[in-house]
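Everything below concerns the one structure shown next.
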Amino acid sequence: MPRPLPPGLQVRQARADDVPSLATLLSLTPDDGTLYQYPHVLKYPDDMHLDWLRPLVHDPTSLIRIVVVPVDGKDKFVGFSCWTRQEADPLDPTKTRPAKIAAEVPVADEVEKDITNDSPPSEEQSEVLVPNEARAAAIERGRKRGSPSPAKTTPCYELGGLVVHPDYQGHGIGSLLVRWGLDEAAKERVPVFVGGETQGVDFYEKALGFQRLSPTEFWLDAEGRDITREEVKSGNEGWKKENGGVSGAELVWLPDGYVFELDNEVYKG
Numbered sequence: 358m359p360r361p362l363p364p365g366l367q368v369r370q371a372r373a374d375d376v377p378s379l380a381t382l383l384s385l386t387p388d389d390g391t392l393y394q395y396p397h398v399l400k401y402p403d404d405m406h407l408d409w410l411r412p413l414v415h416d417p418t419s420l421i422r423i424v425v426v427p428v429d430g431k432d433k434f435v436g437f438s439c440w441t442r443q444e445a446d447p448l449d450p451t452k453t454r455p456a457k458i459a460a461e462v463p464v465a466d467e468v469e470k471d472i473t474n475d476s477p478p479s480e481e482q483s484e485v486l487v488p489n490e491a492r493a494a495a496i497e498r499g500r501k502r503g504s505p506s507p508a509k510t511t512p513c514y515e516l517g518g519l520v521v522h523p524d525y526q527g528h529g530i531g532s533l534l535v536r537w538g539l540d541e542a543a544k545e546r547v548p549v550f551v552g553g554e555t556q557g558v559d560f561y562e563k564a565l566g567f568q569r570l571s572p573t574e575f576w577l578d579a580e581g582r583d584i585t586r587e588e589v590k591s592g593n594e595g596w597k598k599e600n601g602g603v604s605g606a607e608l609v610w611l612p613d614g615y616v617f618e619l620d621n622e623v624y625k626g
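Residues 358 to 626 (the numbering used here) are what the sequence shown spells out, left to right.
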């Protein structure tokens, strides 16, 4: 059972001046895929995520919802989620296009930290910013395995990122952030898709009722080599984090009564 939500918790859309704090939070809570590619990311937190976050805050087809709690008279950033919504393309109903999901966010100067500094990274930062080449290529290959993303052809909501501060995990903040999208998708009778690696996949399945899309699953060992489904079934554990590997998959959440098919596999809500 999750512990109670922190008192004074508030959820709102991210603003331009939130970007540095969101980048710091993301650096403190890397997912399994990031850890696999950047083994030293926890030792040297940095601003490697700013280039990803900054345009999303201003893009009305992306919605970053943040959770803050009051600590010593200031807002502490303890979690955020990033959402997109795909609608049928009126020019080609077999495809989808991004739909507006967020309020317009005006461009503003980020006052907490200078994110326009183009100075080269320090020696310690360089160790973080340069990934393990073999692992990075392997996880990119794994994430692209199987059919193209169903979101390209199916109206849906997509969860593109979920982060909860290490000190606030276990309070239900992650579930709170995800359930917003599930509620919106249930109203519109559309699926929710998310991709993830080991820890995230387990959370989405066990806590929120997502279903793993088996054609998209992959397993990689510590050297970036593929492990087949047959090897996993026969007991190969090289893909486990404690052995230096990683696994991943795309998942789907479906409204009651909704039937979804991918590569002859049928999933029901």
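A virtual CB, placed ideally from N, CA and C, is assigned to each residue, including glycine.
Inset, instruction - Rounded to whole angstroms, what's the CA-CA distance from Val414 to Leu516? Just pull it up for me. - result: 15 Å
Inset, instruction - Check whether the stretch 376-389 touches the stretch 417-434, taking contact to mean three or more Cβ pairs, one atom from each stretch, closer than 8 Å. - result: yes
Legend entry - Ala371 classed as buried or exposed, judged by whether at least 16 other C-beta atoms fall within 10 angstroms: buried
Legend entry - Spatial distance of Pro612 from Ala543 (CA atoms): 5 Å
Legend entry - Contacting residues, own chain, Cβ-Cβ under 7 Å from Asn593 (five flanking each side not counted): Ile584
Legend entry - Cβ shell of Ile496 (< 7 Å), same chain only, five flanking positions each side left out: Setting aside the 5 residues that flank it on each side, Ile496 is surrounded in the same chain by Gly390, Tyr393, Gln394, Leu577 and Val603, each with a C-beta closer than 7 Å to its C-beta; the list follows chain order.
Legend entry - Residue range of the beta strand (DSSP E) that includes Asp449: In the DSSP assignment, Asp449 falls within the beta strand (DSSP E) that extends over Asp449 to Ala456.
Inset, instruction - Taking 8 Å as the cut-off, decide whether the C-beta atoms of Pro455 and Thr511 are in contact. - result: no
Inset, instruction - Could you tell me which of Tyr525, Glu545 and Val521 sits nearest to Val535, measuring between CA atoms? - result: Val521
Inset, instruction - Figure out for me which residue from Gly552, Arg442 and Glu588 has the closest Cα to the Cα of Lys501. - result: Gly552
Legend entry - Val426, enclosing beta strand (DSSP E) - first and last residue: Leu420 to Val428
Inset, instruction - Express the C-alpha separation of Lys431 and Lys625 in angstroms, rounding to a whole number. - result: Those two C-alpha atoms are separated by around 44 Å.
Inset, instruction - Just mark Asp375 as buried or exposed, buried being the case when its beta carbon has 16 or more other beta carbons within 10 Å. - result: buried
Legend entry - Tyr624: first and last residue of the uninterrupted beta strand (DSSP E) it sits in: Glu622 to Lys625
Inset, instruction - Measure the Cβ-Cβ separation of Ile530 and Val435 and say whether it is below 8 Å. - result: yes
Inset, instruction - Rounded to whole angstroms, what's the CA-CA distance from Lys457 to Ser419? Just pull it up for me. - result: 7 Å
Inset, instruction - Name the residue from Thr555, Leu565 and Ala491 whose alpha carbon lies nearest to the alpha carbon of Lys299. - result: For the chain, the structure presents residues 358 to 626; residue 299 sits outside this window and is missing.
Legend entry - Cα-Cα separation, Thr441 to Gly557: 18 Å
Inset, instruction - Assign Val647 to one of two classes, buried (16 or more other C-beta atoms within 10 Å of its C-beta) or exposed (fewer than that). - result: Any property of residue 647 remains undetermined from this structure, which presents the chain solely from 358 to 626.
Inset, instruction - Have a look at Leu407, Glu587, Ala579 and Lys590 and flag the residue whose alpha-carbon is nearest the alpha-carbon of Ala494. - result: Ala579
Legend entry - One or two residues paired with Arg369 in a DSSP bridge: Ile423
Inset, instruction - Please name the residue in Thr386, Gln367 and Leu448 whose C-alpha comes closest to that of Val428. - result: Comparing alpha carbon positions, the residue from Thr386, Gln367 and Leu448 closest to Val428 is Gln367.
Inset, instruction - Note down the Cα distance separating Pro450 from Gly605, rounded to an integer number of angstroms. - result: A direct Cα-Cα distance of roughly 30 Å separates Pro450 from Gly605.
Inset, instruction - Decide if Gly581 is buried, meaning its Cβ has at least 16 other Cβ atoms within 10 Å, or exposed. - result: buried
Inset, instruction - Answer yes or no: do Gln568 and Val609 have a C-beta to C-beta separation smaller than 8 Å? - result: yes
Inset, instruction - For my contact list, Pro417 and Glu461 are in at a C-beta cut-off of 8 Å; report their separation, rounded to the angstrom. - result: Indeed they touch by this definition, with Cβ atoms about 6 Å apart.
Legend entry - Whole beta strand (DSSP E) elements within the stretch 554-584, 3-residue minimum: 575-577
Inset, instruction - Quick one: using the 10 Å Cβ neighbour count with 16 as the cut-off for buried, is Glu480 buried or exposed? - result: Any answer about Glu480 is weak, because its pLDDT of 48 lies below 50 and its placement is not dependable; what the coordinates show is given next. Exposed.
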